[in-house]
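Step one of this worksheet: look at the structure below.
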Ligand code: OGA
Ligand code: MN
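Numbering (my numbering), first residue to last: 696 to 956.
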C-alpha cells in the first residue's frame, strides 16, 4: 500500500485491493482518514456486494431515511443524474449532520462517469479551523450549531435536528475541526440571532472552501473515494456535466473509538 497526498486534503492509496480486507488494514485506513480526511482508492474492479463487505469491515452501515436506495442493494444509496433535466444542487456539506450521531464515513463507488465534469470537491476542516483569525476563534469557542434536515421526507420517528459544537474534537485524531454544513441546514448558532447566524455561517463556509483549502477529485473508472465526515466538507460539481453520472454510496455509522466506548 502506497500513499501520496493529492492536495491540501486527501491521500491516494494505491496497491490496495478492497476485496477481503483485514482488520489491520481497516485500522490503518481509519487512521489515514482521521488525519487526511479523504482516501482515493483507485483501480478497484468491484461490485456492490464487495463494496458493501469492504465498508462493513469498518462497522455497521447506516442509510439516511428519504434517500434513494440502489435497486437490489438496500445498504447503498443511488446518486444519479440519469433522467434529470435540471442538475441537482451542489453546495458544500457534511452528510446527515441533523442527527446526534452523524455517519462517520461516506464512500462512493464510481459506476458511470460522465464524459466531462462531475468532479467531487473536498475541504480540509482541520486547516479551516487552524487558519481562522484568533478573534473569530475567541468569538466562537464553546458555541454550537443546530443542524436541521432539509429536502427529505422523514418518518415520525426520525431525528430532524441536532446540536453539534462548531469546534469539534475528532474522535479518532483528537484534532479540532471546524464543523458545519450547508447554510440552509445550519439553523442557529448558540447565543446568536438569525442575522448573526446567517452572516457567521456564510463567513465560515467561504473561509472553509477557499481554493487553497480544496481537493477536486476527477473520477476515473474503478475509483472508490471514502471520506471522514468529521474533518471535511464535500460537494459534487454538477455544473456542465456531459453524460451519465452514477455513483453508489455507502455510509459507515461509527468511528472505532465510539464502538469501543
Ligand atoms: C454524497 C455526495 C457527492 C458526489 O454522496 O454524499 O454529496 O460527488 N456526493 O456525488
Ligand atoms: Mn454528501
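Idealized CB from N, CA, C, for every residue including glycine.
- Taking C-beta atoms as the reference points, residue 812 and residue 701 fail to come closer than 8 Å.
- Between residue 948 and residue 764 the beta-carbon gap is near 17 Å, outside 8 Å, which marks them as no contact.
- Rounded to the nearest angstrom, the gap between the Cα atoms of residue 833 and residue 841 is 19 Å.
- Residue 807 is bridged by DSSP to 941.
- Listed as beta-bridge partners of residue 857 by DSSP are 842.
- The beta carbon of residue 868 sits closer than 7 Å to those of 729, 730, all from its chain and outside the five residues before and after it, given in chain order.
- Per the coordinates, the alpha-carbon of residue 928 lies some 20 Å from the alpha-carbon of residue 855.
- Note that the C-beta distance between residue 877 and residue 788 is below 8 Å.
- Proximity to residue 785 across 774, 793, 778, 794 peaks at 774, based on C-alpha coordinates.
- Distance from the C-beta of residue 929 to the nearest heavy atom of ligand 2 is below 7 Å.
- One Cα belongs to residue 853, the other to residue 760, and the distance between them is close to 8 Å.
- Approximately 4 Å separates the beta-carbon atoms of residue 803 and residue 942; this is inside 8 Å, confirming the contact.
- In this structure, residue 903 places its C-beta atom within 8 Å of the C-beta atom of residue 823.
- Excluding residues up to 5 positions away in sequence, 761 lie with their Cβ nearer than 6 Å to the Cβ of residue 847 in the same chain.
- Placement of the Cβ of residue 804 at a distance of 7 Å or more from every heavy atom of ligand 1 is found.
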